[in-house]
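J.:
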Amino acid sequence: MPKELRGFIAELEAKSPEDLARVTKRISARYEISALLTHLEKRKRFPLLYFDNVEGGRAPVVINAQASRQLMAMALECEPNELARKFSERQARPIAPMEGKAGPVHEIIKLGDEVNLGEIPLLTHYDVNAAPYITAGIVVAADPDTGVRNTSYNRLMMAGKRELRIFMAIGRHLWTLHNKLESRNEPLPIAIVIGVHPLFSLGAQALTPADEDEYAVIGGMMNEPLRLIKAKTVPILVPADAEMIIEGKILPHVRGVEGPFGEFTGHAVDSDDRQVIEVTAVTHRKGYIFQDIHAGYTEHKLMGAVPREAALLKAVRQSVPTVKNVCMPVSGNCRFHAYISIAKRTPGQAKNAICAAFAADMLLKHVVIVDDDIDVFDEERVLWAISNRFQADRGLVVIANAQGSELDPSAGPGGVNAKMGLDATKPLGDFPAELRVPNEVMTRIRLEDFLPKLAK
Ligand SMILES: Cc1cc2nc3c(=O)[nH]c(=O)nc-3n(C[C@H](O)[C@H](O)[C@H](O)COP(=O)(O)O)c2cc1C
Ligand SMILES: [Mn+2]
């Protein structure tokens, strides 16, 4: 079986049914699904949600396909604290895709005027959102000169039966491709892929150089060649096993109002004039599943974490070979904070790790370096290390006026912000040991023998 969304859901149902929740009660894609998800987020519950009965929609909706490190670890076949390392390993071994003649994503084909985006159960998450959005759309575009394919998630606002508006961050590869073609007065053909296996999703977000074919990176992540077929109206090969493909072109020199839209920070970004997509075809499976990623919620944040953690691990390792692990926690939107553990061998290494981390990731604002006895995924332990091992007069690094995220709500114009590094490692040499009950006694005195009810 190729790696596909519905296969992943079936696997989850078989292996871990408690992580799959089916909602059969009728619910609206306008705010109501969001309300349900909000209740669950408040309770810190992140099952994959499968909505069978969406008002006005003909397709079921899936959210939270990668909303926990456990789900991603199941897909990557590793432990939740090994995701960054496993991701790096697979990123280093790309697998070339293979082209076939037919695939399930072409079971239903709608061309030109047959297209009506209103038939797709697009969600509206927040009261401020200007319109329904596609949030789980992976935009594929090829460099017209080299043929190298790029993939990126981009929010897509519905602006008509056949019109979308897109947000492309400045300087990213898709933005660069669009700019190149716009300067030639040409449209950029694209394919928007919706409904994929979590490994496809992870691979699509890998931080890669512009000349690397991202379909091969996705294949590496899936550990099998991606199956591709020819799109119907654009010169792009598309994944045969996706649930849906929207084909179209980003028009040159055309802009339309996009936004406001509630983003990953938990704040909305303002509306602005942004690029316009003319949709030329929609193809999908018979009985397709529509996928959504709820902006600003745990899934959205965590998806960005693993590719960035992998990049940080690699960058810090060059400077501090004994780096142990990296966590970008949900509390920092999985983008603004990083906790990095190192086995410190020389007194200054924590500061080198701070420098390496900031050099590697523009979005990062706060880095905390801890010793390797601190589990970076245990935020309470990280804060405990800060309280006991950090001294602001010698452990604090502040960099003013650096480039950060345009979405950082407290940044200055253009996303200029401050970076803060905290060296929360113990000084080398004498330092009080942490309290401990003797090991031998810990293993001998078992909770289940004394308080069986509490041992469960
Ligand atoms: C759910 C989700 C939504 C995203 N939305 C956008 C977006 O609207 N615009 C954007 O430029 N990047 C967005 N990103 C980030 C890009 O997908 C990511 O930076 C990508 O790796 C950029 O690749 P590129 O430099 O190859 O274009 C989003 C990421 C995720 C996970
Ligand atoms: Mn890219």
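If you're matching positions, the sequence shown starts at 24 in our numbering and goes up one per residue. Glycine residues also receive a C-beta, built at the ideal position from the N, C-alpha and C atoms.
Taking DSSP's pairing of strands, which residues face T174 in a bridge?
T.: Locating residue 174 in the sequence shown gives position 151, counting from the first residue. For T174, which the question treats as bridged, DSSP gives the partners V163.
J.: Kindly indicate which three-state DSSP category V128 falls into: helix, strand or coil?
T.: Locating residue 128 in the sequence shown gives position 105, counting from the first residue. Helix.
J.: Taking the CB atoms as reference points, tell me whether H276 and I86 lie closer together than 7 Å.
T.: In the sequence shown, residue 276 corresponds to position 253, counting from 1. In the sequence shown, residue 86 corresponds to position 63, counting from 1. Contact: no.
J.: In whole angstroms, what is the alpha-carbon distance linking A159 and P475?
T.: Here residue 159 refers to the residue found at position 136 when the sequence shown is read from its first residue. Here residue 475 refers to the residue found at position 452 when the sequence shown is read from its first residue. A159 and P475: Cα-Cα distance of roughly 45 Å.
J.: Got a sec, what are the start and stop residues for the alpha helix (DSSP H) K337 sits in?
T.: In the sequence shown, residue 337 corresponds to position 314, counting from 1. First-last of the alpha helix (DSSP H) with K337: T321 to S342.
J.: In angstroms with no decimal places, state the Cα-to-Cα distance between T303 and K203.
T.: Here residue 303 is taken as the residue at index 280 of the sequence shown, counted from 1. Here residue 203 is taken as the residue at index 180 of the sequence shown, counted from 1. Each residue's Cα considered, the two are about 21 Å apart.
J.: With a Cβ-Cβ cutoff of 7 Å, do T345 and A361 count as a contact?
T.: The residue you call residue 345 lines up with position 322 of the sequence shown. The residue you call residue 361 lines up with position 338 of the sequence shown. Their beta carbons are not under 7 Å apart, which means T345 does not touch A361 by this criterion.
J.: Within 10 Å of its beta-carbon, does N170 have 16 or more other beta-carbons around it, so buried, or fewer, so exposed?
T.: Counting from 1 along the sequence shown, the entry for residue 170 is found at position 147. The identity of residue 170 in the sequence shown is Gly, whereas the question assumes Asn. So G170 counts as exposed.
J.: Kindly list the residues whose CB is nearer than 7 Å to the CB of T231, restricted to its own chain and excluding five residues on each side of it in sequence; keep chain order.
T.: Walking along the sequence shown from the start, residue 231 turns up at place 208. For T231, where only same-chain residues beyond five positions count, the Cβ hits under 7 Å are E237 and V240.
J.: Are E504 and S51 closer than 7 Å when you measure CB to CB?
T.: Given a span of 24 to 479 for the chain in the structure shown, any question on residue 504 remains unanswerable.
J.: If you follow the alpha helix (DSSP H) that D472 is part of, which residue opens it and which one closes it?
T.: Residue mapping note: residue 472 aligns to position 449 of the sequence shown, counting from 1. Residues L470 to F473.
J.: How about I397: is its Cβ closer than 6 Å to a heavy atom in ligand 1?
T.: Position 374 of the sequence shown, counting from 1, holds the residue named residue 397. No, ligand 1 has no heavy atom inside 6 Å of this Cβ.
J.: What residue range is occupied by the uninterrupted alpha helix (DSSP H) comprising M244?
T.: On the sequence shown, residue 244 is found 221 positions in, with the first residue counted as 1. Its alpha helix (DSSP H) spans residues E237 to M245.
J.: Where does M97 fall in DSSP's three states?
T.: Within the sequence shown, the letter at position 74 stands for residue 97. Helix.
J.: Rounded to whole angstroms, how far is the Cβ of V163 from the Cβ of I213, which I believe are closer than 8 Å?
T.: The count along the sequence shown starts at 1 and reaches residue 163 at position 140. The count along the sequence shown starts at 1 and reaches residue 213 at position 190. Their Cβ separation, rounded to whole angstroms, is 6 Å, which keeps V163 and I213 in contact under 8 Å.
J.: In whole angstroms, give me the CA-to-CA distance for M23 and R459.
T.: This structure leaves residue 23 out entirely; the chain is present only between 24 and 479.
J.: Would you kindly work out how many angstroms separate the C-alpha atoms of A82 and L140, rounded to a whole number?
T.: Within the sequence shown, numbered from 1, the residue matching residue 82 stands at position 59. Within the sequence shown, numbered from 1, the residue matching residue 140 stands at position 117. Between A82 and L140, the C-alpha separation is close to 13 Å.
J.: To the nearest angstrom, how far is it from the Cα of I487 to the Cα of I392?
T.: The shown model of the chain, from 24 to 479, leaves out residue 487, and the question about it has no answer.
J.: Of the residues H220, S175, F74 and S294, which one's Cα is nearest the Cα of L482?
T.: It is not possible to answer for residue 482, since the shown part of the chain is limited to 24 through 479.
J.: Can you have a look at T352 and say buried or exposed, based on whether 16 or more other CB atoms are within 10 angstroms of its CB?
T.: Locating residue 352 in the sequence shown gives position 329, where the first residue counts as 1. Residue identity check: residue 352 is Pro in the sequence provided, not Thr. Buried.
J.: List the DSSP bridge partners of D295.
T.: Here residue 295 refers to the residue found at position 272 when the sequence shown is read from its first residue. E281, per the DSSP bridge assignment.
J.: Between the C-alpha atoms of R188 and R358, what's the straight-line distance to the nearest angstrom?
T.: For the purposes of this step, residue 188 is identified with residue 165 of the sequence shown, where counting begins at 1. For the purposes of this step, residue 358 is identified with residue 335 of the sequence shown, where counting begins at 1. Roughly 25 Å between the two C-alpha positions.
J.: Specify whether the region 445-464 and the region 368-378 touch according to this definition: at least 3 beta carbon pairs, one from each stretch, less than 8 Å apart.
T.: As far as the Cβ criterion goes, the region 445-464 touches the region 368-378, which means the pair count is three or higher.
J.: Hey, how far is the Cα of E247 from the Cα of N375?
T.: Against the sequence shown, residue 247 aligns to sequence position 224. Against the sequence shown, residue 375 aligns to sequence position 352. Looking at the two C-alpha atoms, the distance is approximately 37 Å.
J.: Just the Cα atoms here: how many angstroms apart are I422 and H389?
T.: Position 399 of the sequence shown holds residue 422. Position 366 of the sequence shown holds residue 389. Their backbone Cα atoms lie some 10 Å apart in a straight line.
J.: On the DSSP bridge assignment, give the partners of V84 in chain order.
T.: The residue given as residue 84 occupies position 61 in the sequence shown. DSSP lists F74 and F313 as partners of V84.
J.: So, for G319: in the same chain, excluding its five sequence neighbours on each side, which residues have a beta-carbon less than 6 Å away from its beta-carbon?
T.: Residue 319 sits at position 296 when you count from the first residue of the sequence shown. Cβ within range, chain order: G285, F287 and G289.
J.: Measure the alpha-carbon distance for R29 versus M95 and round it to whole angstroms.
T.: Here residue 29 refers to the residue found at position 6 when the sequence shown is read from its first residue. Here residue 95 refers to the residue found at position 72 when the sequence shown is read from its first residue. For R29 and M95, the distance between alpha carbons rounds to 15 Å.
J.: Looking only at C-alpha atoms, which of H148, E463 and A165 sits nearest to Y54?
T.: Position 31 of the sequence shown, counted from the start, is the residue given in the question as residue 54. When only C-alpha atoms are compared, the closest one is H148.
J.: From F74, Q426 and L200, pick the residue whose C-alpha is nearest to that of D168; which is it?
T.: The residue labelled residue 168 in the question sits at position 145 within the sequence shown. Closest by alpha carbon: L200.
J.: Report the rounded CA-to-CA distance for V305 versus A254, giving the unit in angstroms.
T.: In the sequence shown, counting from the first residue as 1, residue 305 sits at position 282. In the sequence shown, counting from the first residue as 1, residue 254 sits at position 231. Cα to Cα, the separation comes out at about 10 Å.
J.: Please determine if the region 329-339 and the region 174-187 are in contact, where contact requires at least 3 C-beta pairs separated by less than 8 Å.
T.: These segments do not touch.
J.: With distances taken from CA atoms, which of L197, E463 and A229 is nearest K272?
T.: On the sequence shown, residue 272 is found 249 positions in, with the first residue counted as 1. K272 has its Cα closest to that of L197, out of L197, E463 and A229.
J.: Can you tell which of L249, G310 and L211 has its C-alpha closest to the C-alpha of P120?
T.: Start at 1 with the first residue of the sequence shown, and residue 120 comes out as number 97. Ranking L249, G310 and L211 by Cα distance to P120 puts L249 first.
J.: Run the CB neighbour count on M24, radius 10 Å, all protein chains shown included, and call it buried at 16 or more, exposed below.
T.: One-based indexing of the sequence shown puts residue 24 at position 1. Flag for M24 reads exposed.
J.: Which ranges would you report for the alpha helix (DSSP H) in the region 184-235 if only whole runs of at least 4 residues count?
T.: Segments of the alpha helix (DSSP H) lying fully in the region 184-235: 196-205 and 221-227.
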